[in-house]
Each structure stands twice: as C-alpha cells, then as structure tokens.
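Okay, so here's the structure we're looking at.
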Amino acid sequence: MFLESVLDNVESIFQSDVDLEVAESHAEVIDQSIRLIRSISECADVETQDKMNLNTLATVFTDVLSLLHHRNAIRSPTTVYEIKIEVATEANGCPGRPRFVIRAEMLEELRELGFSWTKIGEILGVSRWTIHRRVAEYGLENMTGFHHLPDEELDEKVKEFILNHGCTTGQCYVEGYLKSVGLRIQRKRIRESMARVDPHNTALRWGIVISRRQYQVPWPNSLWHLDGHHSLIRWKMVIHGCIDGYSRRIMFLRCSANNLAETVLELFLDAVKMDGNLWPSRIRVDKGVENVLVCDAMVQARGEGRGSFIAGPSTHNQRIERLWRDVFRCVCHLYYYIFYAMESTGILDANNPVHLFTLHLIFIPRINKALDEFREAFNHHKVRTERNCSPNQMWINGMFHPDNPLAHAELDEEPYDLEMYGHDPHGPSSVGSDNNVIVEAVHLPHDNLLTSFILETIDPLQQSHEMGVDIYTEALEMVVLKIDELTNS
C-alpha cells in the first residue's frame with residue numbers, strides 16, 4: 001500500500017544518516033499524503049466510520065511530519081551567514097544619543113528581499129522600535145504583511161504564469177514569481193489558487209521532484225557555472241545561462257539564434273555590470289568554443305595560473321544541469337511541443353529559412369519574456385534546505401559578510417582540488433554531451449528591412465490565446481508577401 005511505503009521510508013530516514021535534501025523531499029511527500037487523505041475523507045459517499053478512520057490517519061501523518069521537520073531542522077547546515085550592516089549616526093542637536101542614518105531605499109530593498117522588520121533591525125544593529133519609527137516616517141507601512149488580492153485576481157496571475165511556463169511549474173516558483181512582481185501572498189492561498197486554476201495537474205507537479213545533494217563553495221561570486229541549453233536546437237535556438245554556485249542565483253538566462261562566443265561574452269559582462277562590476281573569482285564551463293572569449297576575459301580580470309576558468313566536461317557542471325531541468329520543465333517544454341505541433345500541421349518547416357526567420361522574430365522575444373519571469377521567480381523562491389532563504393537573500397547575506405573578500409573586489413583562497421572544484425558527484429547527469437554545438441545564423445536577403453517591416457505592424461509579445469501561433473502565421477504571411485514584393489521590384 002502506498003501510505004505504508006511512505007511510513008516505511010520515514011522509519012528508514014530516522015534509523016539512518018539520510019541526506020538532508022532527501023529527507024526534505026520526503027517531508028513534501030508526507031504533506032501531500034495528508035492532503036490526499038483529507039480530500040478522500042471529505043467525499044460525500046464515504047461512510048461515517050471510514051471518515052473517522054481517515055481523520056485519525058491524517059492526524060498520525062501530521063505527527064510524523066512534525067517529527068520529521070524537527071529532525072531536519074536539527075540537521076540543517078548553517079550555510080547562510082548572518083549579516084551586519086554598519087549604520088552611520090548623525091548629531092541632531094538634541095540631548096541623548098545621535099540619530100541613526102537609515103535610508104528609506106535601504107529599508108525598501110531589504111524588505112523586498114523578504115526580510116522581516118525585526119530581522120532588518122538585527123541586520124542594521126538597531127532596535128525594532130527604531131525600524132518601526134523609520135517605517136512610519138517614510139510611509140512604508142504598506143510593505144508590511146500580505147497583500148489582500150481577491151481570489152479572482154490571484155487566479156488570473158497564477159493562470160498567466162502557468163500559461164507561459166506550463167502545467168508542471170511548482171508552487172515555489174509561482175510564489176517566487178508573485179514576489180518578483182511585488183505581491184506577497186500566503187502559500188496556502190497560492191496552493192488553493194493553483195488547485196482552482198489547474199486541478200488536473202496537481203498530482204503531476206507533486207510527482208516531479210529532483211533529489212538535491214549537498215554542494216559547497218565558500219562565498220557568493222566564488223564560482224559561477226556557465227552552460228548552454230539545447231532543447232530547442234532543432235529550430236536553431238540556444239539558451240545561454242549562468243548560475244552562482246553558492247547562492248543558486250541565476251546571473252543571466254537568455255535565448256539566442258546563435259551560439260557565438262561574442263553572444264556569451266556580452267551576456268556575461270552585462271551580468272558582471274549588474275552587480276557593481278564585481279567579477280566572480282572563478283567560472284566553470286565546458287570546453288565549447290562559445291566560452292573562449294569569457295575565459296579570456298576572466299584571465300584578464302582575475303589573473304592567469306590560478307584557475308580563473310575551469311574548463312571540463314558537462315558532467316562536472318551539475319549545478320547548472322539542475323537549473324536546466326527546471327528551465328525545460330517550466331519554460332522550454334512548452335515551446336518544444338508547440339513547435340513540433342506547428343510542424344505536424346504544416347505551418348512550420350524546420351528546414352525552411354523563411355519559416356525559421358519568422359519563428360525567431362516572433363518566438364524568441366516570447367521565450368525571453370518567459371525566461372525573465374522564470375529567473376525572477378527562481379531567484380525569489382524559498383530553498384528549504386537553506387532555512388527557507390531565497391537565492392537573492394543568500395546572495396545578499398554572503399556579499400555583506402565582513403569576511404567575504406569578493407565583496408571588495410579581492411581574491412578568495414585557492415581551492416584544494418581545483419579540477420573538482422564545484423563538482424557534485426551525486427548531481428544530475430548532463431542532458432547532452434556535445435560541447436561544440438554549431439548554430440548557423442538564419443539570413444535572408446533584406447533581413448533587416450524585413451525585421452523592421454514586421455515589427456512596425458506586429459508586436460511579438462502581444463496577447464495570444466493560441467500560444468503565439470496565430471501571431472506567427474500572420475507574420476509569416478506578411479514576410480512571404482514582402483519577399484515577393486522585394487524580389488519583383
């Protein structure tokens with residue numbers, strides 16, 4: 001019986017030194033089992049005695065879940081540093097202690113990262129009463145607590161996210177997305193909204209769990225992992241991504257119609273610039289030719305002979321392989337199946353340059369919008385094995401830590417084993433093994449003129465009830481007519 005196997009697994013967890021991430025994953029299974037039991041007991045055709053037995057069973061599972069959470073809390077690694085920001089003071093011409101200088105922008109930024117007012121007081125080294133006075137002074141009271149969004153509006157937000165990212169997107173990413181657009185909603189309400197909007201796929205989302213293994217590098221910016229994702233390569237699209245190994249924070253995530261080293265370098269330099277020109281100490285990449293310019297830039301910025309870039313097989317780059325699984329599940333799989341469906345209906349030919357030109361023109365902006373939403377959701381989502389801190393919070397915690405040399409553009413210590421630095425032997429295997437993917441650019445005569453002509457009339461990001469297919473067909477018709485016009489003129 002399924003429920004018996006759940007309890008058997010819990011017993012084995014308590015009797016052995018099971019990895020914390022495995023235990024956390026099983027806690028989620030128990031939690032969902034409780035919901036399943038309660039939903040069965042609420043069915044109208046269940047006998048009274050059976051209802052009582054099911055409620056008793058739910059109580060037992062709830063007690064087991066509480067014990068498991070306690071066990072996990074005790075064994076949870078303390079990898080999130082407690083940060084302190086020194087606050088200046090100024091004389092106010094009155095008796096007593098000088099006034100703390102606390103900018104409204106600092107309070108807003110820390111609050112938007114999810115820290116409570118009490119925690120912000122601890123970070124700044126002042127009392128919570130001082131924080132509450134500044135909150136009132138700056139009119140920031142509306143940043144306190146959860147937003148009272150009506151169910152109908154919440155359902156529309158959730159439906160929009162699921163529409164863009166597919167039915168397998170989990171609750172934590174929806175929560176992260178809502179936070180990224182300034183909405184703080186109770187997890188219970190988000191879970192209920194997802195059940196209302198997409199009830200048939202709740203079990204599917206529950207079943208997609210990746211077992212997480214422990215990974216350690218000393219600081220944010222110690223090691224960035226770069227790689228390319230090729231699930232859309234059939235249509236000459238590549239997604240380039242980079243993740244900070246310590247915090248899991250996505251540094252960049254972009255879909256392009258090429259796999260050029262210049263494209264990857266531009267994305268990398270933009271990510272460095274975004275955080276005040278603080279370069280990573282090292283990067284881990286595969287041996288693909290698209291990474292050569294980034295590796296050259298790292299050597300120039302961080303020095304030679306210290307492992308500024310670590311080039312190895314994709315099997316040693318598991319940190320970003322985990323990200324790619326989520327990217328495919330939450331973004332790419334939707335377009336993967338849309339494009340195949342378009343081919344099966346005859347409106348798309350993957351070998352036709354006119355079709356691919358139009359596909360790129362319409363769908364690359366839509367994919368990048370979905371990737372931007374996913375990146376914001378991912379960077380705001382809570383990581384259970386890191387005391388429910390988000391990647392953004394872990395990044396800020398580590399970068400403000402006084403012992404972090406990378407926060408001051410200095411270098412950290414050299415790893416003991418440079419070749420295996422950032423390698424997780426228990427991580428997921430690489431989805432693809434080709435490190436030198438060549439993507440030939442799609443060129444048409446007068447392609448710049450065609451691009452301007454189409455974009456003057458069609459917005460690729462406009463609302464579509466057909467996943468963008470209707471926008472593509474309209475654009476394709478215009479491209480074909482314009483090519484005929486240019487050819488015959």
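Numbering-wise (UniProt numbering), the sequence shown opens with residue 1 and increments by one.
A virtual CB, placed ideally from N, CA and C, is assigned to each residue, including glycine.
Here the structure is a predicted model, which means the values were calculated and not measured.
Asked: At a Cβ threshold of 7 angstroms, is Asp227 touching chain D?; Found: No chain D appears in the structure shown, which is made up of a single protein chain.
Asked: Report the option in Asp227, Arg254, Ile120 and Lys236 whose CA atom is closest to the CA atom of Gly245.; Found: Asp227
Asked: Going by DSSP, what residue range makes up the beta strand (DSSP E) through Leu149?; Found: Per DSSP, Leu149 belongs to no beta strand (DSSP E) and is neither H nor E.
Asked: If we count Cβ pairs, one from each stretch, closer than 8 angstroms, do we get three or more for the segment 467-478 versus the segment 350-369?; Found: yes
Asked: Do the CB positions of Ala311 and Val292 come within less than 7 angstroms of each other?; Found: no
Asked: How about the segment 294-309 and the segment 266-285: do they share at least three Cβ pairs that are nearer than 8 angstroms?; Found: yes
Asked: Does the beta-carbon distance from Ile362 to Pro460 come in below 7 angstroms?; Found: yes
Asked: Within 8 angstroms, do at least three Cβ pairs link the segment 448-458 to the segment 249-260?; Found: no
Asked: Under the assumption that Val442 contacts His360 (Cβ atoms under 8 angstroms), give the Cβ distance between them as a whole number of angstroms.; Found: 6 angstroms
Asked: Evaluate Arg103 with the Cβ neighbour count: other Cβ atoms within 10 Å of its Cβ, from every protein chain shown; 16 or more gives buried, anything less gives exposed.; Found: exposed
Asked: Bridge partners for Cys295 per DSSP, in chain order?; Found: In DSSP, Cys295 forms no bridge with anything.
Asked: In chain order, what residues of the same chain have a beta carbon less than 7 angstroms from the beta carbon of Asn317, not counting five sequence neighbours either side?; Found: His225, Asp227, Arg284 and Asp286
Asked: Based on the DSSP output, what are the partners of Ser231 in its beta bridges?; Found: DSSP, once it has assigned bridges, lists no residue as partnering Ser231.
Asked: Taking the C-alpha atoms as reference points, what is the distance between Thr48 and Thr62?; Found: 21 angstroms
Asked: Where are the alpha helix (DSSP H) runs, 4 residues long or more, that stay fully inside the segment 260-294, in chain order?; Found: 261-274
Asked: Report the three-state DSSP secondary structure of Ser193 (helix, strand or coil).; Found: helix
Asked: Could you check whether Met399 and Pro218 sit closer than 7 angstroms to each other, using their CB atoms as the reference points?; Found: no
Asked: Taking its Cβ as the centre, do 16 or more other Cβ atoms sit within 10 Å of Ala257, making it buried, or is it exposed?; Found: buried
Asked: Going by alpha carbons, who is nearest to Glu373 out of Glu108, Asn164 and Leu54?; Found: Asn164
Asked: Pull up the distance between the alpha-carbon of Asn329 and that of Tyr173, whole angstroms please.; Found: In the sequence on display, residue 329 carries Arg and not Asn. Spanning the two alpha carbons is a distance of roughly 11 angstroms.
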